[in-house]
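Engineer:
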Amino acid sequence: MGASMEKQTVVTRFAPSPTGFLHIGGARTALFNWLFARHHGGKFLLRIEDTDRARSTQEAIDAILDGMRWLDLGWDGEVVYQFARAERHAEVARELLAKGHAYRCYATPEELAELREQQRAAKQPLRYDGRWRDRDPSEAPEGAPFVIRLKAPRTGEVTIDDQVQGPVTVQNAELDDMILLRSDGTPTYMLAVVVDDHDMGVTHVIRGDDHLNNAFRQLALIRAMGWEEPVYAHIPLIHGADGAKLSKRHGALGVDAYRDELGFLPEAVNNYLLRLGWGHGDDEIISRDQAVEWFDLGGVGRSPSRFDFKKLENLNGHYMREADDARLADLIAPGVAARLGRKLDSADRDLLLRSIPFLKVRAKDINELTDGASFLFRTRPLDMDEKAASLLDEPGKALLAQAREALAATDDWSAPALEAGVRSVAERGGIGLGKVAQPLRAALTGRTTSPGIFDVLVLLGREESLGRLDDQLG
Ligand code: GLU
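Residue numbers (numbering that gives the first Met the number 0): 0 to 473.
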């Protein structure tokens, strides 16, 4: 660090504060930064903004790193920890002081409280009034604590040509002289962010638009140091489906919950987050390679995007169907084992893998896939759920008995041959195939939904299938 950037290389960063889990909005910010860097063949850096010592936790740091790895948002180089750089931040404050771009302010907390009171009473904006800005340092009270403030321009205006929001202008008179270094010598957030972005060579600051106001203050600091200004892109926040700011109730969960509780695949979450606030024509399903090829800041919308859980679920179903069978088998194996209460042996694993093509077409998420696979491993006699049990009434059992006979007489235990056998039962009784399939499904799986019944028979094999039917026929 410290080396100045090469002009051409794009450098982005994700700078979460580790005070909670990696939430879905943070993940989207990370994704946009990652894609922008990859699109331009640049670098994507990760900085943990852990300066709030009271609220930052190792657990949150771990959750952030884990979430990013799961989403496959790899960062370049080492993670930068902001707190560890406090001395460097202080050094910049002192440099600004030496250059005359900052000053010591000795105003006491009581004095400032009084100032705020007066401003409040006069219905003025609450701003530091610059009382130490032009005072001679010799007037400083001996040994009294002081903060270092930026000597920000007081006249004129600043315009940020934001890549998402467009040009945004603020009058300098609206910005007061912000604190850079507190009286205990610790840097403020504003100082730390600017110094770190500079030292890390960040060329593009892409973040939530709740930081847009900060950008004007940060720019004043950058200009005072004579540093290169980054390009800014402030992306609108995510709202719930009802238009209100996203909260837990709307699915603003940690990324880990999308994986562990909801059973989503990372590529589905990525695809969803990409589309949440960024568009490329009407494309909904966008692979990672396409995203890297297409991503730009021009495609980011200006209005808040609405979180649509149904859409995420649909995308997940799509990616489940596309996913490699072996990968899905590995993903559900722990859940299947937990439901069985035992380890899976190699025969179980083999059966699981063979069943995936039939199961994945009907599962929206990993939990459903796990549920769907459970019937394969249940021990006989199967426990029936209520609906399945009701299908095995007298007439149901009578059909089941005929089906069992036809199946037992089938030499070739393949789906077409088994279907021919069951079909003959239906035809003989002058009923539809479904009528026979229903009790059959109930007896074979203990449930009323499953993959195609002939696939179920093939997966279970002759012995297990006939055994399950016999259990019900008693
Ligand atoms: N640490 C800040 C946050 O988590 C982000 C700061 C930035 O991106 O400049 O909101």
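Beta carbons: idealized from backbone N, C-alpha and C, even for Gly.
Mapping DSSP to helix, strand and coil, what is G473?
Structural biologist: Here G473 sits in coil by DSSP.
Engineer: Do you know offhand how far V268's Cα is from L70's?
Structural biologist: Approximately 8 Å between the Cα atoms of the pair.
Engineer: Tell me, to the nearest whole angstrom, how far the beta carbon of R216 is from that of M189; I am working on the premise that it is less than 8 Å.
Structural biologist: Contact holds; Cβ gap of about 6 Å.
Engineer: Looking only at its chain, what residues have a beta carbon closer than 7 Å to the beta carbon of F453, apart from the 5 residues adjacent to it on each side?
Structural biologist: Result list for F453: A414, L417, E418, in chain order.
Engineer: Considering only residues of the stretch 189-232, which uninterrupted alpha helix (DSSP H) runs meet the minimum length of 4 residues and lie entirely inside it, listed in chain order?
Structural biologist: The stretch 189-232 contains these whole alpha helix (DSSP H) runs: 211-224.
Engineer: So L311 is in the alpha helix (DSSP H); what residue range does that whole segment cover?
Structural biologist: Unbroken alpha helix (DSSP H) run through L311: 308-321.
Engineer: Which class does V9 belong to by DSSP, given the choice of helix, strand or coil?
Structural biologist: V9 falls in the coil class under three-state DSSP.
Engineer: So within the stretch 322-396, which uninterrupted beta strand (DSSP E) runs reach at least 3 residues, ignoring any that extend past its ends?
Structural biologist: Segments of the beta strand (DSSP E) lying fully in the stretch 322-396: there are none.
Engineer: Between V192 and the ligand GLU, is the CB less than 7 Å from at least one heavy atom?
Structural biologist: Within the cutoff, so yes.
Engineer: Below 7 Å, is the gap between the Cβ of S16 and the nearest heavy atom of the ligand GLU?
Structural biologist: Yes, since a heavy atom of the ligand GLU falls inside the 7 Å radius drawn around the Cβ of S16.
Engineer: Is E204 a contact residue of the ligand GLU, with contact defined as CB to any heavy atom under 7 Å?
Structural biologist: The residue asked about is misnamed: residue 204 is Val in this sequence, not Glu. Yes, Cβ of V204 sits closer than 7 Å to a heavy atom of the ligand GLU.
Engineer: Beta-carbon separation of Q81 and E58 under 8 Å?
Structural biologist: Contact flag unset, no.
Engineer: With 16 as the cutoff for other CB atoms within 10 Å, does G428 come out buried or exposed?
Structural biologist: Exposed: under 16 other Cβ atoms inside 10 Å.
Engineer: Are the beta-carbon atoms of A375 and L350 separated by less than 8 Å?
Structural biologist: Note on identity: in this sequence residue 375 is Leu, with Ala being the wrong assignment. Yes; because the gap between Cβ atoms is below 8 Å, this pair is in contact.
Engineer: Of the residues V163, Q170, Q164, which one's Cα is nearest the Cα of G155?
Structural biologist: That would be Q170, whose Cα lies nearest to the Cα of G155.
Engineer: Please state whether the Cβ-Cβ distance between A26 and V254 is less than 8 Å.
Structural biologist: Yes; because the gap between Cβ atoms is below 8 Å, this pair is in contact.
Engineer: Please name the residue or residues paired with Y80 in a DSSP beta bridge.
Structural biologist: Y80 is bridged to I47.
Engineer: Classify M0 as buried or exposed, calling it buried when 16 or more other Cβ atoms lie within 10 Å of its own Cβ.
Structural biologist: Its pLDDT being 48, under 50, M0 is placed unreliably in this model, and the coordinates cannot settle the point.
Engineer: Distance check for A53 and E5, CA to CA, integer angstroms please.
Structural biologist: Low confidence applies to E5: its pLDDT is 47, below 50, so where it sits in the model is not reliable enough to give any reading.
Engineer: Just reading off the beta strand (DSSP E) that R287 is part of, what are its end residues?
Structural biologist: Not the beta strand (DSSP E): R287 falls in the alpha helix (DSSP H), residues 287-293.
Engineer: Compare the Cα-Cα distances from A402 to each of E426, R87, A387, M383 and report the closest residue.
Structural biologist: The shortest Cα separation from A402 among E426, R87, A387, M383 belongs to E426.
Engineer: Give a yes or no on whether the C-beta atoms belonging to R222 and D176 are separated by under 8 Å.
Structural biologist: Result no, Cβ atoms of R222 and D176 do not sit closer than 8 Å.
Engineer: Return the first residue and the last residue of the beta strand (DSSP E) that P166 is part of.
Structural biologist: First-last of the beta strand (DSSP E) with P166: 165-170.
Engineer: Using only the alpha-carbon positions, how far apart do S16 and S449 sit?
Structural biologist: Going from the Cα of S16 to the Cα of S449 covers about 45 Å.
Engineer: What's the call for A405, buried or exposed, on a 16-neighbour Cβ count within 10 Å?
Structural biologist: It counts as buried.
Engineer: Name the residue from T11, K359, E113, I23 whose alpha carbon lies nearest to the alpha carbon of R126.
Structural biologist: Of T11, K359, E113, I23, the residue nearest in Cα terms is E113.
Engineer: Using three-state DSSP, classify T185 as helix, strand or coil.
Structural biologist: If DSSP states are grouped into helix, strand and coil, T185 belongs with coil.
Engineer: Name the one or two DSSP bridge partners that H22 has.
Structural biologist: Paired residue(s): G253.
Engineer: Kindly give me the distance between the Cβ atoms of V163 and A62, rounded to whole angstroms, as I take these residues to be in contact under 8 Å.
Structural biologist: So it is not a contact: roughly 27 Å between Cβ atoms.
Engineer: Grouping DSSP H, G and I as helix and E and B as strand, with all else coil, what is A97?
Structural biologist: Reduced to three states, the DSSP call for A97 is helix.
Engineer: Quick check: what's the CA-CA separation for P333 versus A372?
Structural biologist: Distance between the alpha carbons of P333 and A372: 12 Å.
Engineer: Only counting the same chain, and skipping five residues up and downstream in sequence, which positions put a Cβ closer than 7 Å to that of R115?
Structural biologist: Excluding positions up to five away in sequence, the list reads L125.
Engineer: At a cut-off of 7 Å, would you count H210 as near the ligand GLU, judging by its Cβ distance to the nearest heavy atom?
Structural biologist: True, at least one ligand heavy atom lies under 7 Å from that Cβ.
Engineer: Looking at the secondary structure, which residues open and close the alpha helix (DSSP H) in which D454 lies?
Structural biologist: From DSSP, the alpha helix (DSSP H) with D454 extends over 452-459.
Engineer: Does V78 pass the burial test, meaning 16 or more other C-beta atoms within 10 Å, or should it be called exposed?
Structural biologist: By the neighbour-count rule (16 or more Cβ atoms within 10 Å), V78 is not buried but exposed.
Engineer: Rounded to a whole number of angstroms, what is the C-alpha to C-alpha distance between W131 and I178?
Structural biologist: Approximately 12 Å between the Cα atoms of the pair.
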